[in-house]
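Colleague: Just passing along the structure, written as structure tokens.
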Amino acid sequence: MSENTTHDKLPIRMLHDRVLVKSDSPEGERRSGGGILIPATAAVGKRLAWAEVVAVGQNVRSVEPGDRVLYDPEDRAEVEVRGATYVLMRERDLHAVAAERLEGSKDSTGLYL
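Residues in the sequence shown are numbered from 1 upward in steps of one, following the UniProt record's numbering.
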């Protein structure tokens, strides 16, 4: 797997087992399933977040650019590239992957935990 990205060919190449992701939802206010606005200051339990994989290192085996992954937003290192903020992490810090390519696989739920 290489530096293929869905974000305008970022001028960055990931090394080893590193994964660069773009968070699906910005920090701050969010909406519940019923449409209720939840302020950024509201206390919630530990909550995992979804993100899109943008680039992967050569030793990453489980995800590819374009996959959606589940990660812990508290265990993250942010980096800014071309004015956009991304999250940098190791592959082992990902909790799950959801990708269209996994749905047709034998014995696959489409989501690995």
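Built from N, CA and C at the ideal position, the CB exists for glycine as well.
Everything numeric in this text was worked out from a predicted model, so none of it was measured.
(1) Look up Glu52 in the DSSP assignment and say whether it is helix, strand or coil.
(2) Tell me Lys22's beta-bridge partners as DSSP assigns them.
(3) Would you report the Cα separation of Thr85 and Asn59, rounded to the nearest angstrom?
(4) Between which residues of its own chain and Arg61 is the CB-CB distance below 6 Å, once the five residues before and five after are set aside?
(5) Can you tell me where the beta strand (DSSP E) holding Ala98 begins and where it ends?
Modeller: Looking at the coordinates:
(1) Reading the sequence shown from its first residue, position 52 is the one you call residue 52. Here Glu52 sits in strand by DSSP.
(2) Residue mapping note: residue 22 aligns to position 22 of the sequence shown, counting from 1. Answer is Glu52.
(3) Position 85 of the sequence shown, counting from 1, holds the residue named residue 85. Position 59 of the sequence shown, counting from 1, holds the residue named residue 59. Taking the straight line joining both Cα atoms gives about 23 Å.
(4) Position 61 of the sequence shown, counting from 1, holds the residue named residue 61. Cβ neighbours of Arg61 beyond the five flanking positions: none.
(5) For the purposes of this step, residue 98 is identified with residue 98 of the sequence shown, where counting begins at 1. Per DSSP, Ala98 belongs to the beta strand (DSSP E) from 94-98.
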